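Read through the structure below, which is laid out as structure tokens, and then see the notes.
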Amino acid sequence: MGGLPASPSPPLGEPDSYATVAAALDAAAASFGGREAYVGPDGRISFAEWAAASDALAGALAARGVAPGDVVALMLPSSVDYAICYAAAARLGAVTTGLNTRLGSREVTGILDRCRPALVIRDTAAELPAVPAGLPVLARSELAALRRHPGLGRDRPRVAPADPVVIIWTSGTTGLPKGAWFDHRNLAAAVASAGVMSRPFDRRLVATPFAHAGYMAKIVDQLAWGTTMVISPVPWSAAQMADILRDERITVAGAVPTQWAKLLELPDAERTVRAVATLRLGLAATAPAAPELVERVVTRLGVPLVVRYAMTESPSICGTEPDDPPDVQFRTVGRPQAGIEIALRDDAGRDVATGEVGRVWVRGDTVMRGYWNDPEQTAAVLRADGWLVSGDFGALDADGNLRLRGRASDLYIRGGYNVYPLEVENVLAEHPRVRRAAVVGAPAPVIGEIGVAFVEPADPASPPDLAELRAWVRGRLADYKAPDRLEVVEALPLTSMLKVDTAALRTLAAG
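So this is what it looks like as structure tokens:
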């Protein structure tokens, strides 16, 4: 399918100026070096300061034996330090991988065993899992002194656009994470696919961890557009988000649907509206956004909220536009971004008809090159002609908008009928007595599986009952899609990426 309109030209101009991370950073420092690049809990830094600090750290890493092609693992929170380390490794031709600071010891060990880093840069003052024996560790506390180290100078390695630059780990809710790796060309391609999300010198609030694809795969996009990244404090709170939106005069705010929902729940609605006065755009990403939530953000805050559909393996896929009609804005994930193709195909790889449900296939320059050190898993999802076979189901409408139905791993079969939980969740979320809902399948005699709905009530003192929710769903969807069991919960369990933890819910449903 065709795509969204291309972006206006970024301040860095032609793609040659941002063919690699180092080239983009040096060009940004020369073109608008005095502008703020980052605002975070550990301070503020300009583009010129970022370039200089990363060059000094690159010299220090080289002196420690880090070489082109080596992996550098970051066990750091989202911070100025993180950005400096990432850029320093890229200057060396090394490959950066970030580990979410909320991962457990088993996950950390599994990731480090798979990528075997030459160096782990770790916040030793934080309560993080231990690094396996034998791996070199650089403490975060040493980074400040290393900013005074001599830079690379004439010893700067030649880094090619086709060289690997970053490994980003999947969330691993159904097993150990897989490391999607990208080269500099992938990162540069994100500039063209940005669309309405990027405008010259935006001030962007980043509420998801830097280890996530939303940052790691978009660093060249930030540099090309001169975007100031304002880092949300940890732990996150809706009140703090509102304060930062106001105080830092944020123009673009990215947040997961859960965070937008909590922002709307702040008691002083007028104060929240004032806090978003400078926002030109809000973004809901990383997890499916209920249509009801998107509509509430637009109507109550007066902020255009676009939805972006992406995945670790392809950080750019498709999205809605601020001027899309309501049915598109609130009930689809839009059309392909510039340079991206999508197709809906059956299990045999054949295109399905418009409106029919199929598996989402993606092709474009932002798609990963493969899973790091995992040719078998790579072959399972990447075709020789460049198509990535996702784990998501959806349907395309006549205008090319994608309507997601859910993940293949979430689908359950009730009495021979396929049920996509996302479709049911979106309907439940529109019920006036439901704040949030999640649906999973659970084993059942005779019919195979049943649907179990986990619901956060809008009013804990007056939760909905199963009969009314079943009637609500049956009035809008096929009767077999209505949940068979209801579990009222105070809060849905979340993963480290603030997505609903469906694995935990399946365990609860089966018990």
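Following the numbering used here, the numbering of the sequence shown begins with 181 at its first residue and continues without gaps.
Where is the CB? At the ideal position from N, CA and C, for every residue including glycine.
None of these values were measured; they are calculated from a predicted model.
State the beta-bridge partners of residue i as determined by DSSP.
i    : result
F573 : R539, G586
A433 : L385, G462
L562 : L568
Y218 : I225, M409
T277 : A253, I347
G550 : W361
N606 : DSSP lists no partner for N606.
N598 : I593
I301 : L254, L318
G544 : I520
S616 : According to the sequence displayed, residue 616 carries Arg and not Ser. Note: R616 sits in a beta bridge opposite E636.
V680 : L674
Counting only the same chain and skipping the five closest in sequence on each side, list residues whose C-beta sits under 6 Å from that of residue i.
i    : result
G482 : none
P330 : G239
P484 : L461, P502
R302 : M255, V317
P185 : Unreliable positioning characterises P185 in this predicted model, as indicated by a pLDDT of 47, which lies under 50. The coordinate reading is nonetheless provided below. There are no such residues.
P673 : D681, A684
L678 : V436, T438
N280 : P389, A391, S676
R650 : A662
V311 : V300, V317
A422 : T452, A455
I411 : G220, S258, V386
Y489 : I497, C498, V513
A372 : A518, G519
P309 : S285, V288
P644 : R613
L192 : Y198, A207, A404
Between the Cα of residue i and those of the options, spot the shortest distance and give me the residue it belongs to.
i    : options                : result
S211 : G223, S197, G220       : S197
F573 : V542, A518, A232, A360 : V542
D250 : A269, L256, Y262       : A269
V219 : K442, R384, L446, R365 : R384
A209 : P555, A658, W230, V487 : W230
Y262 : R294, V300, V288       : V300
Q509 : I520, V487, W405       : V487
P625 : I264, L283, F362, G596 : G596
L174 : V371, A232, M377, M409 : This structure leaves residue 174 out entirely; the chain is present only between 181 and 691.
E636 : A662, W652, G655, V668 : V668
E472 : A617, S226, P312       : A617
A204 : R530, R320, S321, P341 : P341
L657 : L608, G580, A469, A528 : L608
T546 : G535, E428, G394, P644 : G394
L463 : V532, A449, G434       : G434
V432 : H364, A313, A564, W405 : W405
R334 : D577, A236, L688       : A236
D639 : R549, V599, E445       : E445
A449 : N598, R530, E428, A418 : A418
P380 : P505, V346, T407       : T407
A306 : A324, L283, A313       : L283
R539 : T458, V561, W349, A633 : V561
L323 : V346, I348, C265, A368 : C265
Is residue i near the ligand GDP, going by C-beta to nearest heavy atom under 7 Å?
i    : result
A662 : The ligand GDP is not part of this structure, which contains no ligands at all.
Which same chain residues, not among the five before or five after residue i, have their C-beta less than 7 Å away from its C-beta?
i    : result
E629 : Y592, I593, R594, G621, A622, P623
F227 : A208, A209, F212, G213, R215, A217
P413 : P221, Q420
R294 : G359, W552, N553
L315 : L292, P297, V300
V376 : L461, V486, E501, P502
A202 : A270, R271, V339
A176 : Nothing about residue 176 can be reported from this structure: the residues present for the chain run from 181 to 691 only.
For residue i, which residues from the same chain have a beta carbon less than 8 Å from its beta carbon, with the 5 sequence-adjacent residues on both sides left out?
i    : result
L248 : The displayed chain sequence assigns Pro, not Leu, to residue 248. Counting only Cβ-Cβ distances below 8 Å, and skipping sequence neighbours, we find L272, G273, A274, P337, V339, D343.
S642 : R613
S189 : none
A370 : A397, K398, V400, D401, P495, S496, T546
A243 : H329
S351 : P357, T492, T675, S676, M677, K679
Tell me, please, whether the CB atom of residue i is closer than 8 Å to any CB atom in chain E?
i    : result
I399 : Absence of chain E from the displayed structure is noted, only one protein chain being present.
**Length-filtered (3 minimum) beta strand (DSSP E) runs lying within the segment 620-667** = Counting only runs of 3 or more, we get 628-637.
**Prompt:** What runs of the alpha helix (DSSP H), each 4 residues or longer, lie entirely inside the segment 444-532?
**Reply:** DSSP runs (the alpha helix (DSSP H)) wholly in the segment 444-532: 449-455, 471-476, 506-511.
**Prompt:** Counting pairs of beta carbons, one from the segment 519-530 and one from the segment 564-578, are three or more of them closer than 8 Å?
**Reply:** The way I'd put it, the segment 519-530 does touch the segment 564-578; three or more beta-carbon pairs between them come closer than 8 Å.
**Prompt:** Three or more beta-carbon pairs under 8 Å between the segment 470-477 and the segment 434-454, yes or no?
**Reply:** At 8 Å Cβ cutoff, the stretches touch.
**Item:** At least three beta-carbon pairs within less than 8 Å, the segment 188-206 to the segment 395-402
**Value:** Enough Cβ pairs lie closer than 8 Å, so yes.
**Request:** Flag this pair as touching only if the segment 487-499 and the segment 562-571 have three or more C-beta atom pairs under 8 Å; answer yes or no.
**Result:** Verdict: yes, contact present.
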